[in-house]
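K.L.:
I have a structure I would like to understand better, so I am pasting it below and will then ask my questions one at a time.
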Amino acid sequence: MSGRTAGKVKAVCISDRKHVQKWEVPSVRLVPRLGIEGDAHAGFAHRQVSLLAEESVEKMRTRGLTDLKPGAFGENILTEGLDLSSLRVGDLLLVGKEALLQVSQVGKECVDRCAIYYAAGDCIMPREGIFARVLRGGEVTAGDTVRPVEREEIGLFLAGIITVSDRGSRGEREDLSGKVLEEMLEAQGFAVVERELVPDELDEVADALVRFADQLRVDLVLTTGGTGLSPRDVTPEATLRVIEKEVPGMAEAMRAASLPKTPHAMLSRAVCGIRGGTLIVNLPGSPRGARENLEVILPALPHGLSKLRGDTSECANPPLEGGPADLGKGPAGSS
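The structure is reproduced here in structure tokens:
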């Protein structure tokens with residue numbers, strides 16, 4: 474990604490309804506895990522922000538659609554000079570001074586022709602637009618720089634949380650454990666890309682793990698639930714199916730720390746391991762158990778995740794001087 478040329482923001486646009494053309498505004502505020510403040514697509518799953526290149530719009534103008542204004546194809550951010558077609562899911566974009574986007578979808582399948590199609594005579598968003606989620610917020614205005622960045626450059630670890638629960642996936646139980654883990658990670662500076670609820674089904678848990686590791690390309694995946702002796706507890710089996718290496722010391726440390734508090738700790742079958750550049754950690758299903766187990770491994774995460782990114786510094790380096798507050802920093806923030 475380092476060879477890609479930076480571009481600039483040509484215009485920023487919003488709308489108060491979905492499936493309609495947007496209108497240009499002086500500036501927008503991006504909000505993490507929400508999207509653009511005041512836009513109809515804010516909070517819309519993973520398609521929180523849409524981007525389209527001015528170069529794509531210009532191709533439509535040469536076909537006779539000369540009266541195309543920013544937002545004509547429903548895009549939030551109109552870019553110029555950046556090859557959006559070179560981006561893939563998981564890539565990061567720094568917009569302006571601080572806003573950070575992660576590409577979540579390239580193109581879009583439109584089943585029916587919407588108001589945009591009839592107003593513009595065609596819609597190129599499904600073919601040449603991209604969609605992104607907001608990892609770090611900030612104000613964006615026309616003229617701001619927009620450029621691809623590597624995680625090492627921004628000093629940020631990305632995380633995902635998967636709650637494994639039959640009742641939770643059916644909406645019968647609130648995902649308190651996932652919420653606790655999200656709050657803990659964000660307090661340490663991690664960017665929580667996504668949380669997902671899946672039932673206690675081996676294939677579904679495995680598929681979620683693969684998606685987080687291979688598509689979202691997060692540094693860390695925390696699972697909560699499904700690690701005990703119940704016939705429906707399959708999270709360790711799903712994890713073993715997808716990982717390439719085990720990290721047994723982390724699971725052993727969590728069980729050892731929990732044992733003085735409850736003899737039930739010895740019944741945990743939690744697994745920790747690596748898939749590609751992602752560390753996967755199984756945690757208990759209760760909010761208290763999830764919190765206490767994550768607290769055990771938090772001090773080791775920055776060094777371990779930096780090593781996964783290829784850090785070649787000596788393992789004997791002293792711990793971070795900044796303590797827990799530095800945990801979410803990437804290799805630049807770890808020794």
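Just so we're aligned, residue 474 is where the sequence shown starts under my numbering, counting upward by one. Ideal placement from N, C-alpha and C gives every residue a C-beta, glycine not left out. Since the structure is predicted, the reported quantities are computational estimates derived from the model, not experimental observations.
Let me know the secondary structure DSSP gives alanine 479 once reduced to three states.
P.N.:
Here alanine 479 sits in coil by DSSP.
K.L.:
Using the Cα positions of isoleucine 603 and leucine 555, report the straight-line distance between them to the nearest angstrom.
P.N.:
Straight-line Cα distance between these residues: approximately 12 Å.
K.L.:
Which whole-angstrom value is the C-beta distance of arginine 609 and glutamate 655, which I expect to be below 8 Å?
P.N.:
15 Å between Cβ atoms; not a contact.
K.L.:
Is it buried or exposed, threonine 712, if we count other Cβ atoms within 10 angstroms and call 16 or more buried?
P.N.:
Buried, by the Cβ-count rule.
K.L.:
Check whether the segment 540-549 and the segment 484-491 touch, using three or more Cβ-Cβ pairs below 8 Å as the test.
P.N.:
As far as the Cβ criterion goes, the segment 540-549 touches the segment 484-491, which means the pair count is three or higher.
K.L.:
Mapping the DSSP letters down to three states, classify proline 733 as helix, strand or coil.
P.N.:
Coil, per DSSP.
K.L.:
Mind reading off the beta-carbon distance from leucine 567 to glutamine 575? Whole number of angstroms is fine, and I expect it under 8 Å.
P.N.:
Not confirmed; about 11 Å, so no contact.
K.L.:
Return helix, strand or coil for isoleucine 753, following the three-state DSSP convention.
P.N.:
Three-state result, isoleucine 753: strand.
K.L.:
Specify, as a first and last residue, the run of the beta strand (DSSP E) that threonine 700 falls within.
P.N.:
Counting along the chain, threonine 700 falls outside any beta strand (DSSP E), and DSSP gives it neither H nor E.
K.L.:
Mind checking whether alanine 773 and methionine 723 have CB atoms under 9 Å apart?
P.N.:
In contact: alanine 773 and methionine 723 (Cβ atoms closer than 9 Å).
K.L.:
What are the residues that DSSP puts in a beta bridge with isoleucine 634?
P.N.:
For isoleucine 634, which the question treats as bridged, DSSP gives the partners Arg668, Leu695.
K.L.:
Restricting to Cα atoms, I'd like to know which of Leu693, Gly644, Gln661, Glu531 is closest to isoleucine 634.
P.N.:
Comparing Cα positions, the closest option is Leu693.
K.L.:
Thinking just about the alpha-carbon of each residue, which of Gly644, Arg536, Asp680, Val715 is nearest to the one in isoleucine 747?
P.N.:
It is Val715 whose Cα lies nearest to the Cα of isoleucine 747.
K.L.:
Quick check for students: name the residue ranges of the alpha helix (DSSP H) that lie wholly in the segment 511-582, counting only runs of 4 or more.
P.N.:
Correct list: 527-534.
K.L.:
Just to confirm, is the Cβ distance from serine 638 to glycine 563 under 9 Å?
P.N.:
Not in contact: serine 638 and glycine 563 (Cβ atoms no closer than 9 Å).
K.L.:
Answer with buried or exposed for leucine 658, where buried requires no fewer than 16 other C-beta atoms within 10 angstroms of its C-beta.
P.N.:
Buried, by the Cβ-count rule.
K.L.:
Serine 759 bridges to which residues according to DSSP?
P.N.:
Partner(s): none; serine 759 has no beta bridge.
K.L.:
By Cβ distance below 7 Å, which residues in the same chain neighbour arginine 600 in space, the five residues on each side in sequence not counted?
P.N.:
Once the five neighbours on either side are set aside, the close Cβ partners of arginine 600 are Gly580.
K.L.:
Would a C-beta distance cut-off of 9 Å place histidine 514 and arginine 520 closer than the cut-off?
P.N.:
Against a cut-off of 9 Å, the Cβ pair of arginine 520 and histidine 514 comes out as a contact.
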